[in-house]
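*Asks:*
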Amino acid sequence: MIFKHSPLLDLQARFPSSQSDHELAAGTSIAYAQGCPIRDVGSAAGIAAAAGVAAAADIVLLFLGLNSEVEDESLDRAVLGLPGNQSQLLHAVLQSVGPNTKVITVLINGGIVAIPELKESPKVDVCLLSCFGPAIVG
307 MIFKHSPLLD
317 LQARFPSSQS
327 DHELAAGTSI
337 AYAQGCPIRD
347 VGSAAGIAAA
357 AGVAAAADIV
367 LLFLGLNSEV
377 EDESLDRAVL
387 GLPGNQSQLL
397 HAVLQSVGPN
407 TKVITVLING
417 GIVAIPELKE
427 SPKVDVCLLS
437 CFGPAIVG
């Protein structure tokens, strides 16, 4: 499924580096690393890249959750936790950030997701819930 919008594309459109009147602050930039696909449990190279980007950041926006491949009216999940390598991504990012880094997690899902690490970690400053919109579920 191809989406017309993504958090990264929307942020880049809202804060283009060439338009100083839209920049958050002088010298501000948006760095990105995918981390891991939602369901894939393959290579951890993306997780290491995301942890590296997070280690250099003042503010981390970490998007986690589900998509219509694992969350749908016709599907039942056997596990309520994050699918794929997302738990490893969460742990790697939280371990890599400095004490003054603000970590904002955004959960994108249509149903319940059990992630006790978010509640228990003192490094997570904010956890936002973004339920599926029509563009995701069709």
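Note that my numbering numbers the sequence shown so that position 54 is 360, with each residue one more than the last.
Where a beta carbon is used, it is the ideal one built from N, C-alpha and C, also for glycine.
For clarity, every value in this text was computed on a predicted model and none was experimentally measured.
#1: Mind checking whether P389 and L372 have CB atoms under 8 Å apart?
#2: Assuming K408 is part of the beta strand (DSSP E), what are its boundary residues?
#3: Using beta-carbon positions only, say whether A351 and V399 come within less than 8 Å of one another.
#4: V419 and L396 look like a contact to me (Cβ under 8 Å); what is the Cβ gap, rounded to whole Å?
#5: State the CB to CB distance for the pair G416 and E375, rounded to an integer number of angstroms; the pair is presumed to be in contact (CB under 8 Å).
#6: So which of N391, A319 and N406 has the shortest CA-CA distance to L370?
*Replies:* Looking at the coordinates:
#1: Between P389 and L372, the C-beta gap is smaller than 8 Å, which places the two residues in contact.
#2: Note, K408: beta strand (DSSP E), K408 to N415.
#3: At a Cβ-Cβ threshold of 8 Å, A351 and V399 do not count as neighbours.
#4: At roughly 12 Å, the Cβ-Cβ gap does not stay under 8 Å, so V419 and L396 are not in contact.
#5: The Cβ separation is near 12 Å, so there is no contact.
#6: Per the Cα distances, N391.
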